[in-house]
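In what follows, a single structure is set out as structure tokens and then discussed.
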């Protein structure tokens, strides 16, 4: 079955620690996205990538980093610079087009701070 | 910049009643518009989208939405609510250009009582 997988489902971060969230897709999509979801805030864009080895900052990129070395993979690192990382993180992918493309979402990773 | 406003963070209906979830966008040029649904601790699933083909859009699970340019609205409706419709619903907008990510509203939680 084609789809998007995210791991782990739950992730715990200690003070000053960097953690990496995994996102893999087998839909052959060129574009991939990372969103952060907080209660009552909707989804906010962290980073997105239209092609391999290229990515752009979204609205709340500070304290996060990404890489896009393979078409299928778009990992997100939450660095120690992100002072309020507790949230639900959603990865999505889509084909490239003119804005009308459906974004397909993974099941999410919930990040909690110890 | 584009923005999306969802009126009412929480809507409660009885089973069998009409569901109406409101969404207004800000743009002088009609964008692409989407409605997504999210069940607890899961990713988002597309319900329907408007891409200029028809102003009344039918989606999955009996939902539909009507694009009204004069009102800059894209409200979501369902004639008869079912208990399984209880979830969080997000309206999103995308500009008509390549490489744009979605801009989401803050979401509306739908509760359905028997």
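Residue numbers (my numbering), protein chains in the order written: chain Y, 1 to 114; chain P, 1001 to 1114.
A virtual CB, placed ideally from N, CA and C, is assigned to each residue, including glycine.
Assuming contact is defined by CB atoms lying nearer than 8 Å, are residue i and residue j in contact in what I supplied?
{"i": "residue 90 (chain Y)", "j": "residue 1090 (chain P)", "result": "no"}
{"i": "residue 1092 (chain P)", "j": "residue 1102 (chain P)", "result": "yes"}
{"i": "residue 1006 (chain P)", "j": "residue 1107 (chain P)", "result": "yes"}
{"i": "residue 25 (chain Y)", "j": "residue 101 (chain Y)", "result": "no"}
{"i": "residue 78 (chain Y)", "j": "residue 111 (chain Y)", "result": "yes"}
{"i": "residue 107 (chain Y)", "j": "residue 13 (chain Y)", "result": "no"}
To the nearest angstrom, how far is the alpha carbon of residue i from that of residue j?
{"i": "residue 1021 (chain P)", "j": "residue 1008 (chain P)", "result": "8 Å"}
{"i": "residue 1014 (chain P)", "j": "residue 1111 (chain P)", "result": "8 Å"}
{"i": "residue 1048 (chain P)", "j": "residue 23 (chain Y)", "result": "25 Å"}
{"i": "residue 1018 (chain P)", "j": "residue 19 (chain Y)", "result": "45 Å"}
{"i": "residue 1054 (chain P)", "j": "residue 1070 (chain P)", "result": "15 Å"}
{"i": "residue 1052 (chain P)", "j": "residue 45 (chain Y)", "result": "25 Å"}
{"i": "residue 59 (chain Y)", "j": "residue 1085 (chain P)", "result": "31 Å"}
{"i": "residue 1038 (chain P)", "j": "residue 62 (chain Y)", "result": "26 Å"}
{"i": "residue 51 (chain Y)", "j": "residue 1114 (chain P)", "result": "48 Å"}
{"i": "residue 98 (chain Y)", "j": "residue 1033 (chain P)", "result": "13 Å"}
{"i": "residue 75 (chain Y)", "j": "residue 1082 (chain P)", "result": "38 Å"}
{"i": "residue 1126 (chain P)", "j": "residue 69 (chain Y)", "result": "Outside the shown range of chain P (1001 to 1114) lies residue 1126 (chain P), about which nothing can therefore be said."}
{"i": "residue 1026 (chain P)", "j": "residue 1062 (chain P)", "result": "27 Å"}
{"i": "residue 1016 (chain P)", "j": "residue 1064 (chain P)", "result": "16 Å"}
{"i": "residue 103 (chain Y)", "j": "residue 92 (chain Y)", "result": "6 Å"}
{"i": "residue 1031 (chain P)", "j": "residue 1095 (chain P)", "result": "5 Å"}
{"i": "residue 31 (chain Y)", "j": "residue 1068 (chain P)", "result": "30 Å"}
{"i": "residue 21 (chain Y)", "j": "residue 8 (chain Y)", "result": "7 Å"}
{"i": "residue 1072 (chain P)", "j": "residue 15 (chain Y)", "result": "45 Å"}
Bridge partners for residue i per DSSP, in chain order?
{"i": "residue 92 (chain Y)", "result": "Y:33, Y:105"}
{"i": "residue 1076 (chain P)", "result": "P:1021, P:1065"}
{"i": "residue 51 (chain Y)", "result": "Y:54"}
{"i": "residue 1056 (chain P)", "result": "P:1066"}
{"i": "residue 13 (chain Y)", "result": "Y:113"}
{"i": "residue 24 (chain Y)", "result": "Y:5, Y:73"}
Buried or exposed, going by whether 16 or more other CB atoms sit within 10 Å of the CB of residue i?
{"i": "residue 33 (chain Y)", "result": "buried"}
{"i": "residue 64 (chain Y)", "result": "buried"}
{"i": "residue 49 (chain Y)", "result": "buried"}
{"i": "residue 56 (chain Y)", "result": "exposed"}
{"i": "residue 2 (chain Y)", "result": "exposed"}
{"i": "residue 39 (chain Y)", "result": "exposed"}
{"i": "residue 1056 (chain P)", "result": "exposed"}
{"i": "residue 1088 (chain P)", "result": "buried"}
Any heavy atom of the ligand SAH inside 7 Å of the beta-carbon of residue i?
{"i": "residue 2 (chain Y)", "result": "Judged by which ligands are present, the structure shown has none, so any question about the ligand SAH falls away."}
Residues of the segment 1077-1091 of chain P with a CB closer than 8 Å to any CB of chain Y: list them in chain order, please.
1090
Looking at chain P, which residues of the segment 80-113 of chain Y have a Cβ within less than 7 Å of any of its Cβ atoms?
90, 96, 97, 98, 99, 100, 102, 103, 105, 106, 107, 108
Quick one: which residues of the segment 7-36 of chain Y get their C-beta closer than 7 Å to a C-beta of chain P? List them in chain order.
33
Which residues, in order along the segment 1013-1032 of chain P, keep a beta-carbon less than 9 Å from a beta-carbon of chain Y?
1031, 1032
Cβ-based contacts, 7 Å cut-off: residues of the segment 1050-1079 of chain P near chain Y:
Against chain Y - using a Cβ distance shorter than 7 Å - the residues of the segment 1050-1079 of chain P are 1051.
What are the residues in the segment 35-61 of chain Y lying within 7 Å of chain P by C-beta distance?
For the segment 35-61 of chain Y, the set of residues with a beta-carbon nearer than 7 Å to any beta-carbon of chain P comprises 40, 41, 42, 43, 45, 48, 50, 58, in chain order.
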